[in-house]
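*Asks:* Structure provided below as structure tokens; questions to follow.
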Amino acid sequence: MKLVQLGVFAVSVVMAGAGAADAQSALTPGGTLRGQLATSDARLGDDSFYDCLSLQTRPGQRYRVEMRSAAFDAYMALGSGAKCVWSSSESDDDSAGGTDARIEFTGDGGLWSVRANSLSAGQTGAYTVTVQELGGAPMPPVATSGASIAFGQTVRGALAAGDSVAEDDSFYDCFTFTGRAGQRAVVEMRSADFDTYLSLYSGGSCAGDGLGTDDDGAGGTDSRIDLTLPREGAYTIRANSLGGGETGAYQLSLLIGGGSSSPAPAPVQSSRFANQASTGACIYQRGSRALRSMRGKTDGTDSVVIMEGREVALADIGATQAVGLPWFRDNQPVRINGRTYMKYGLPRVLSFQEVEFFAEHDGVGFAAETGVANPEVLYAVVRSVGCEFQPYALQN
């Protein structure tokens, strides 16, 4: 792999051999990085090669990332976190026109990683990745203690004298939301003014049954709670400081976690994935006419699912996915139950609380929104580990 950073900044060159994608090369806003997919690069479960690139973001800043290649059909994914291992991610095939990829997103102040990939297996050749800063996103709304927060929402708040006071003399605010049993919720709290501390309760107040706490799970002095909700109903977030008497501004986000959660598997004995975090996997096996919720892992090169405490390759259980298939690659219409559907929009991460199996096409499972008998939108399983689905819209 050869990477060259261009633009108004100093030029740097990285030369590496096999596995070089693990040593992330930094992207710079306003610059263009030139790279090359080669047979010595890291490889995904669909036998496509990729490089993993990093981008340090600023909170609230909008970014546009484009991947272009004349040698192959570009496929790009990105998410918050390092080494291209995410709990949720965005991906794109051809939004930049032709066979080039484009994703726009809002930074959170943390490190993001970009996976420069090909749509099909075994493709190699030169590519470029360009990052542009767009206009900043509108500032999140200001919320006060006792307000509600919705999934996908970020709010601003402030701890101040006069707020509720915990037993350790720290100030806190409370926010409520409604969740479903089995739904995966991710709560993040960030502040440049104090060391944050999060608590999550079942019920409509900060005095309910405690479900979890966190100090620095979001990195640095920021907090993150990621769990599967045990029941349907009200939940309450307590936005707090670690130390007594601390005040200042903060930002609170409530997100939907990637994939459907299932009980934790027995310890995995293999060392290859020992240090990798597990994530949701949505498995479809040809002819099964059912989607299965499992746990999966990726080491950045390959993916496995966890069955009875063992790591099992996707191919070994007959898992099928759309990525790499000609009709998916070439944006062809698909005919399902006598109706024609066309690919539209970007792949997205969904959970089994949102979708259920609907039909099979060319061995690949297609899902529909739960409870919808005659869907106008179907979702093809694109990548099993991570529960990534591609929407297809009804054409007639």
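Numbering (UniProt numbering), first residue to last: 1 to 396. Glycine is no exception: its CB is placed at the ideal position from the N, C-alpha and C atoms. Keep in mind the model is a prediction, meaning the values are calculated, not measured.
1) Inspect the beta-carbon positions of Val382 and Ala313 and report whether they are closer than 9 Å.
2) Verify the CB distance criterion: does Val186 have a CB-CB separation below 9 Å to chain C?
3) For the beta strand (DSSP E) containing Phe105, name the first residue and the last one.
4) Kindly indicate which residue of Val305, Ser170 and Val187 has the alpha-carbon position closest to the one of Gln153.
5) Does DSSP put Asp316 in a helix, a strand or coil?
6) Could you work out which residue in Phe72, Gly157 and Leu350 is closest to His116 when comparing CA atoms only?
7) Using only the alpha-carbon positions, how far apart do Ala96 and Tyr75 sit?
8) For Arg329, which of helix, strand or coil comes out of DSSP?
9) Straight-line CA distance for Ile225 to Gly338?
10) Out of Leu255, Val349, Thr213 and Ala192, which has the shortest C-alpha to C-alpha gap to Phe177?
11) Please tell me whether Val372 and Pro391 are closer than 9 Å, where the distance is taken between their beta carbons.
12) Since Glu66 contacts Ala26 with CB under 8 Å, what's their CB separation in whole angstroms?
13) Pull up the distance between the alpha-carbon of Leu346 and that of Ala121, whole angstroms please.
14) Which class does Ala266 belong to by DSSP, given the choice of helix, strand or coil?
15) Kindly identify the DSSP beta-bridge partner or partners of Glu369.
16) With a 10 Å radius around its C-beta and 16 neighbouring C-beta atoms as the bar for buried, classify Pro375 as buried or exposed.
17) Can you check which of these residues, Ile283, Gly386 and Pro59, is closest to Glu90 by C-alpha distance?
18) What are the boundary residues of the beta strand (DSSP E) that includes residue 411?
19) Once DSSP output is grouped into helix, strand and coil, what is the label at Leu378?
*Replies:* With the given structure in hand:
1) no
2) In the structure shown, chain C cannot be found, because there is only a single protein chain.
3) Ala101 to Thr106
4) Val187
5) helix
6) Note that residue 116 is Ala in the sequence shown, not His. Minimum Cα distance to Ala116 is reached at Phe72.
7) 11 Å
8) helix
9) 44 Å
10) Leu255
11) no
12) Glu66 to Ala26, Cβ: 17 Å. No contact.
13) 20 Å
14) Any reading at Ala266 must be qualified, since the residue scores a pLDDT of 34, below 50, and its modelled position is unreliable; no value is offered.
15) Val355
16) buried
17) Gly386
18) The structure shown has nothing for residue 411, since the chain only spans 1 to 396.
19) strand
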